[in-house]
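Just add 25 to wherever you are in the sequence shown, counting from 1, and you've got my numbering.
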Amino acid sequence: MAAEGTPGPDTIEFNMTFPATIVLACPLPTITESLAIAGPGPDKLTINVDDPAVFNTSQIFDINARSKAKEGYDISSLTLDGSLVRDNVDLLRGNRATGNSYDKLTIGYVLFTALGGENSNSMNNKGGGIYYTSMTLTVKQSAFYKIRMNTAGAEGVAIYSLSS
């Protein structure tokens, strides 16, 4: 990504006609440095992953920096829309925003819709909207709509945390 080539925190903004839907054809790269993703508003921009063939074992955003990000991560003003995930066997995967670092993630004014997971192994059926470990999470002015986990023993249907 071009953003990875510049030192310091990066910001992704969207310059297009709104309302708009971005349909992801493949998983996005793992976020490894400070990043702000700033949408125009959840009613104006939707990031959609409604293709189980592509996103069966992946996520919309995967944050895994292990303290590289001094400024943290911000995701704001957009809608994350997905489909039911089947047999997601990795706890950090599924149609969800995920984080696994020692930094901070701030989510503001984000609508999470039609996300979730289904797994024959209930130990891996966690965090239909957000799954995170070892980081500080702040969620403000956001909503979770039609988030579902279809396996007995599901935990943290909207948000699942392994942080202490």
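Backbone N, C-alpha and C fix where the C-beta goes; we use that ideal spot for every residue, glycine too.
Inset, instruction - Counting only the same chain and skipping the five closest in sequence on each side, list residues whose C-beta sits under 6 angstroms from that of P44. - result: K69
Inset, instruction - For T163, collect the residues of the same chain with a Cβ closer than 6 angstroms to its Cβ; drop the 5 residues on either side in sequence, then sort them by chain order. - result: Excluding positions up to five away in sequence, the list reads T131.
Inset, instruction - For N73, name the three-state secondary structure that DSSP assigns. - result: strand
Inset, instruction - Pull up the distance between the alpha-carbon of T138 and that of I184, whole angstroms please. - result: 13 angstroms
Inset, instruction - Let me know the secondary structure DSSP gives I172 once reduced to three states. - result: coil
Inset, instruction - Note down the Cα distance separating V135 from P54, rounded to an integer number of angstroms. - result: 20 angstroms
Legend entry - Whether G47 touches F86 by CB criterion (8 angstroms): Rather than Gly, the amino acid found at residue 47 in this sequence is Ile. Cβ atoms of I47 and F86: not closer than 8 angstroms.
Inset, instruction - Would you tell me roughly how many angstroms separate the C-alpha atoms of I62 and D128, rounded to the nearest one? - result: 16 angstroms
Legend entry - Paired residues, beta bridge with Y98 - DSSP: Answer is L60, L130.
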